[in-house]
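Taking my numbering, I'd label the letters of the sequence shown as residues 3 to 270. From the three backbone atoms N, C-alpha and C, an ideal C-beta is built for every residue, glycine too. Remember, it's a predicted structure, so these values are computed and weren't measured experimentally. Right, one structure below, let's go through it.
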Amino acid sequence: MMRLNPQRLCEILAIAAERAGRRVRELLSRGAGREEVGVGAAGDRTLRLDMEAEMELLRVLKSELGAFSVASEELGLVRDGYPLIVVDPVDGSYNAARRLPFYAVSVAAAYGEHLEDVVAGVVYAPALDEMYTAIKGEGAYLNDSKLYVRAEEREEPVISVASPRLAGEKPGRLIMQLLNAGFKVRVLGSASLEVCFVASNRLDAYVAPWPVLRAFDIAAALLIAHEAGATVRASKPILGSLEAGVSLLVSAGPRLLEKVEALMRHTR
């Protein structure tokens with residue numbers, strides 16, 4: 003299969019993500035985009051802002067790439083060769099709908115079906131105007147600044163916890179374990195951006211130990227985290243799958259990861 007230059011591919015993903023994010027901002031500025039318009043291919047309720055962000059993103063990709071496969075929360079899986087583009091048009095759409103500025107456009111490109119096949123990833127935070135990018139083997143960036151995770155031992159490390167309804171009471175029990183162990187705990191609601199916040203040293207760790215994430219939630223962000231030097235434990239999703247089943251722990255260093263894992267064992 004013929005491959006695009008990874009640098010050019012990453013540039014295209016960034017253009018598409020920025021255009022999608024701009025569309026979301028336009029909708030929200032008019033008080034629009036928050037209405038439900040159906041159910042996406044992954045089974046979640048689709049807001050208008052999800053749908054229009056995806057349409058804008060795919061419009062750019064089709065113009066720049068021609069043929070490609072896509073796995074998206076809204077559209078589902080459509081096969082047309084490689085690259086495989088893995089998309090979450092608005093990760094944290096309910097944050098966006100409530101005008102909470104913590105949501106992101108996530109898009110990754112892969113030549114294969116597994117996380118290790120991802121060659122470029124972009125996570126764009128429209129409300130913050132921050133663009134996270136990574137090319138496999140070439141590092142990760144926030145806008146034009148290269149990212150390096152600092153594995154410092156902090157007295158009160160800050161961790162963000164996924165808290166899905168499907169996990170029942172388990173998130174609450176884990177949060178209590180973390181608080182009792184001296185962590186500062188946050189629940190922010192956008193997995194891709196939370197992982198990127200570990201890569202940029204704003205969070206010390208992110209944990210989603212219950213298999214509720216999907217590949218399109220984290221494909222781009224995990225490449226960014228790896229390239230920034232974060233420590234990652236993740237299950238191995240098939241990139242084209244729309245099924246939930248991904249568990250994840252990302253931390254600034256292995257010692258912190260082991261500490262969180264030990265606390266997790268007490269809440270299962």
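* **Pick from M266, R10 and H268 that is closest to I137, judged by C-alpha positions** => R10
* To do: Could you work out which residue in R216, R175 and E140 is closest to E229 when comparing CA atoms only?
  => E140
* Asked: So what does DSSP say about I240, is it helix, strand or coil?
  -> coil
* Secondary structure at L49, three-state DSSP: helix, strand or coil? -> strand
* Per DSSP, which residues does M266 bridge with? Please list them. => M266 pairs with nothing; no bridge assigned.
* Asked: When DSSP labels each residue in this structure, what does Y113 get in the three-state scheme?
  -> coil
* Report yes or no: do the region 170-182 and the region 81-93 share at least 3 C-beta pairs separated by less than 8 Å? => no
* Bridge partners - M57, DSSP secondary structure assignment -> DSSP, once it has assigned bridges, lists no residue as partnering M57.
* Find out if the Cβ-Cβ distance for the pair V26, P159 is shorter than 9 Å. => no
* Asked: Which residues in the same chain have their Cβ closer than 7 Å to the Cβ of P103, if we skip the five residues on either side of it in sequence?
  -> A129 and L130
* Please classify G68: is it buried, with 16 or more other beta-carbons within 10 angstroms of its beta-carbon, or exposed? => exposed
* Buried or exposed for D219, please, with buried defined as at least 16 other CB atoms from any protein chain shown within 10 angstroms of its CB. => buried
* Going by DSSP, which residues form a beta bridge with I17? -> I17 is not bridged to any residue.
* To do: Report the rounded CA-to-CA distance for S74 versus Y84, giving the unit in angstroms.
  => 15 Å
* Answer with buried or exposed for V189, where buried requires no fewer than 16 other C-beta atoms within 10 angstroms of its C-beta. => exposed
* **Collapsed DSSP secondary structure at V200 in the structure displayed** => helix
* **First and last residue of the uninterrupted alpha helix (DSSP H) at L176** => K172 to N182
* Top-ranked residue by Cα proximity to S147, from L265, V262, A153 and T135 -> T135
* **Whole-angstrom distance between M133 and V125, CA atom to CA atom** => 6 Å
* Go through its chain and collect everything with a Cβ distance to S243's Cβ below 7 Å, but skip five positions before and after it. => A217
* **S71 beta carbon less than 9 Å from that of D82** => yes
* Asked: What's the call for N97, buried or exposed, on a 16-neighbour Cβ count within 10 Å?
  -> buried
* **Cβ neighbour criterion (16 or more within 10 Å) applied to A221** => buried
* Among residues of its own chain, excluding the 5 on either side of P8, which ones have a beta-carbon nearer than 6 Å to its beta-carbon? -> V121, A122 and I137
* Short Cβ contact (9 Å threshold) for V187 with S253 -> no
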